[in-house]
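One structure is given below, encoded as structure tokens.
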Amino acid sequence: MDKREYMFSVLVLFLIGTVGAGVPAGGRPFDDNYVVTWGNVLKLNQGREVQLSMDKSSGAGFQSKHKFGSGFFQMRIKLPPKDTAGVVTAFYLTSKGDTQDELDFEFLGAREGKPIQIQTNVFINGQGNREQKFVLWFDPSADFHTYGILWNPYQIAFYVDNVPIRIFKNNKRYGVGYPSKPMTLVVSLWNGEAWATEGGKAKINWSYAPFKANFERFSDSGCHADGRTINAKVCGSTTYWWNTNQYSRLSANETTAFKNVRAKYMTYDYCSDHPRYPVPPTECRLNQ
């Protein structure tokens, strides 16, 4: 582990609440930084863990109290077990509306015994269609694992247990859009059977309901941008650790891990979908 990765690991531990004066080992309470938005939400462990439940009548969700203009956003998540075909657990940043910027982690449920897939996506000014999917190298329903999104003026990086799985670079100078709107952190558990599993062919088996997903470590690790626009000078400042030059790219070891994960565990990449994109979008070449 090089110095950069060591510092990153230390900062990660701090942000998820395992170190730091006055912060309990279980992390900050949910109510400090988040609010329930809909559905059946149960607070556990003195508010340091939250469980979302979904049945035929409703899913559930919560979101951050603040909007952000940059940051490192992490949460520990344990997905619903057993047969979860059609059940979607989502962890994402969004500006909402029809022209939203959005950075998605979507966990696509599966028939029991089949691997759960993660779908990532990047929306810019309402335009998405940048899906990349992965299977995981562990069972995400057996225990909590850490999922994170780094968003700074240089790049967006999606992490699983501190391993980068996707990079979307800021290539505005080449005409590629980049998220620029204040975004809220949103978490939800919902019915996605129309599309999520086997293209919508595998429907929800309601005999396994209620489906329950658990979340913990509710940090507030971003630059607040609660107005209608982002103050780029403030939210791009290197006074925030995630904006410093060392986080403008992956380290050598992270690059190796990144390539390994994509070679072994990626199941779909819009950049390689030639029937859909006979000419790959410009960012596909630039994000290599």
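Take the sequence shown: its letters are residues -21 to -1, 1 to 267, numbered as in mature numbering (1 follows the signal peptide of the UniProt record, and there is no 0). We put the CB at the ideal spot given by N, CA and C, even for glycine.
Label residue i either buried or exposed according to how many other C-beta atoms from any shown protein chain fall within 10 Å of its C-beta, with 16 as the threshold for buried.
i	result
TRP169	buried
ILE185	Note on identity: in this sequence residue 185 is Trp, with Ile being the wrong assignment. The residue is exposed, with fewer than 16 neighbouring Cβ atoms inside 10 Å.
SER49	buried
PRO257	exposed
VAL29	buried
ALA231	exposed
SER227	exposed
TRP116	exposed
ASP62	buried
PRO143	buried
PRO254	exposed
ASP122	exposed
LYS238	exposed
GLN42	buried
TYR219	buried
TYR138	buried
ARG152	exposed
ASP118	exposed
ALA242	exposed
LEU14	According to the sequence as given, residue 14 is Val; it is not Leu. So VAL14 counts as exposed.
ASN108	exposed
THR235	exposed
What three-state label does DSSP hand residue i in the structure shown?
i	result
TRP17	strand
GLU177	helix
ARG55	strand
PRO259	coil
TRP185	helix
LEU129	strand
LYS238	helix
GLY243	In the sequence as displayed, the identity of residue 243 is Lys instead of Gly. The answer is helix: DSSP assigns LYS243 an H, G or I state.
TRP221	helix
GLN267	coil
TYR226	helix
TYR153	helix
GLU172	coil
ALA39	strand
ALA69	strand
Taking the alpha helix (DSSP H) that residue i belongs to, which residues open and close that run?
i	result
THR99	That residue, THR99, is in no alpha helix (DSSP H); its beta strand (DSSP E) goes 96 to 102.
ASP80	That residue, ASP80, is in no alpha helix (DSSP H); it is neither H nor E in DSSP.
ASN12	9 to 12
Give me, in chain order, the residues of the same chain whose beta-carbon lies closer than 6 Å to that of residue i; leave out the 5 immediate sequence neighbours on both sides.
i	result
residue 268	Residue 268 is absent from the model: the chain starts at -21 and stops at 267.
ASP140	HIS124 and THR125
GLY154	none
ALA192	LEU31, LEU58, PRO59, THR68 and LEU168
Can you tell me where the beta strand (DSSP E) with residue i in it begins and where it stops?
i	result
CYS202	201 to 203
TYR138	134 to 139
LYS61	No beta strand (DSSP E) contains LYS61, which DSSP labels as neither H nor E.
ALA211	Where ALA211 is concerned, there is no enclosing beta strand (DSSP E), although the alpha helix (DSSP H) it sits in stretches over 211 to 214.
ALA192	190 to 195
Strictly by DSSP, which residues pair up with residue i?
i	result
ASN24	None, per the DSSP bridge assignment.
ASP248	GLN111
LYS46	THR163
LYS148	GLN134
HIS124	ILE56
Using a Cβ-Cβ cutoff of less than 7 Å, which residues in the same chain neighbour residue i once the five nearest sequence positions on both sides are dropped?
i	result
ASN266	ILE146, PHE147 and LYS148
TYR247	GLU110, GLN111 and LYS112
PHE52	LEU72, GLY127, ILE128, LEU164, SER200 and GLY201
residue 272	This structure cannot speak to residue 272, because the chain is shown only from -21 to 267.
ALA181	ALA64, GLY65 and ARG90
SER216	ASN222
ASN150	GLU262 and LEU265
SER37	GLY18 and ASN19
GLY156	ILE103 and ASN104
VAL114	PRO94, GLN96, TYR244 and THR246
LYS22	PHE9 and VAL29
Report whether the distance from the Cβ of residue i to the nearest heavy atom of the ligand MN is below 7 Å.
i	result
GLY215	Inclusion of the ligand MN in the displayed structure is not the case, the ligand content being empty and no account of it being possible.
Skipping 5 residues on each side, what residues in its chain have a beta carbon closer than 8 Å to that of residue i?
i	result
PRO161	LYS46, PHE47, GLY48, SER74, ALA204, ASP205, GLY206, ARG207, THR208 and ILE209
ALA(-1)	At ALA(-1), the pLDDT of 31 sits below 50, so the modelled position is not reliable and the matter cannot be decided from this model.
SER120	LYS57, LEU58, PRO59, PRO60, LYS61, THR63 and ILE95
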